[in-house]
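The sequence shown runs 13 to 248 under our numbering. Yeah, the Cβ is synthetic: ideal placement off N, Cα and C, and Gly gets one too. Below is one structure, written out as structure tokens; the observations come after it.
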Amino acid sequence: MKILSKHYVLFRRTRQDGSCFYRAFMFSYMEILRQMQDKQAEVTRLMECLEMSKGRFSCLVWHKADFSIDPEEYFSSVVSELNEVLNVIAAGCTSEWLYQRSLQESFSGRNEFYKQSIPKNLNVLQFCWKAVRSLDAEATTTQMRALTYALGIPLRVEVVDKSSTDRGVLVKHLDFFHESDLEKGPLRLTPSYLSSSTAPIPLKQGSYDADLLSSDGTPMLALLCRHGHCDILYRK
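Put into structure tokens, the structure is as follows:
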């Protein structure tokens, strides 16, 4: 935590279950949205992303019992009831996690770029049923990448790596950006804090709302990943 304390003031723990990434992602995004000066512009952008996803949803088979209410209706009400949503998320309602998982599946299943990340012994449908739809399935970089791209929300994941015992504890940056060029991929990995510093990667002007990025061009939404579990990080 000493390494992280140079860049973050505190972190918020999340419930340790398979949906910890989705819970942390949405809770942190809602907190950032609530503090934005121009909330409506970001709301409009997000609603456009969700509108585009409706066509993909028609290709997925979900049981109505999986959602307490219609998923599109739920997300349409999110922005108008921020305080209520924060409380719902804290209480652990499953509808929003299922919706995020279905967004991942609808997007990753239709892009060759993500199919490359699926184990060779599984096809796309098998992978989604096993690693996306199951509520106890933890998110990997493949799922994180798909959700970030689907919603257009930049994300930084700080991954704690204790495997290199000779070098001590390493913290690696995983930066996810929504890019139009899938050949490059929306995932960027930069050196850990313990290695030499690297200049921020420049982003296309106007690609994101300024409130979604910090002054150095890195994502405001930051999560801490330890042994597959995700908590929320707060920048200094």
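Inset, instruction - Can you give me the Cβ contacts of residue 236 inside the same chain, cut-off strictly under 6 Å, excluding the 5 residues immediately before and after it? - result: So the list reads 23, 170, 243 and 245, once near-sequence residues are dropped.
Inset, instruction - Verify whether the separation of the beta carbon atoms of residue 187 and residue 157 is less than 7 Å. - result: Residue 187 is not a Cβ neighbour of residue 157, given a cutoff of 7 Å.
Inset, instruction - Determine the DSSP secondary structure at residue 45, reduced to helix, strand or coil. - result: Residue 45: helix per DSSP, three-state reduction.
Inset, instruction - Since I believe residue 44 is in contact with residue 223 (beta carbons under 8 Å), could you give me their beta-carbon distance rounded to a whole number of angstroms? - result: In this structure, residue 223 and residue 44 form a Cβ contact; the two beta carbons are roughly 7 Å apart against a cut-off of 8 Å.
Inset, instruction - Note down the Cα distance separating residue 165 from residue 133, rounded to an integer number of angstroms. - result: Each residue's alpha carbon lies about 31 Å from the other.
Inset, instruction - With DSSP as the reference, please indicate the residues paired to residue 231 in a beta bridge. - result: As a beta-bridge residue in DSSP terms, residue 231 pairs with 225.
Legend entry - For residue 15, the three-state DSSP class (helix, strand or coil): Per DSSP, reduced to three states, the secondary structure at residue 15 is helical.
Inset, instruction - Hey, could you find the ends of the beta strand (DSSP E) residue 159 is sitting in? - result: Note, residue 159: premise wrong, no beta strand (DSSP E); alpha helix (DSSP H) at 153-163.
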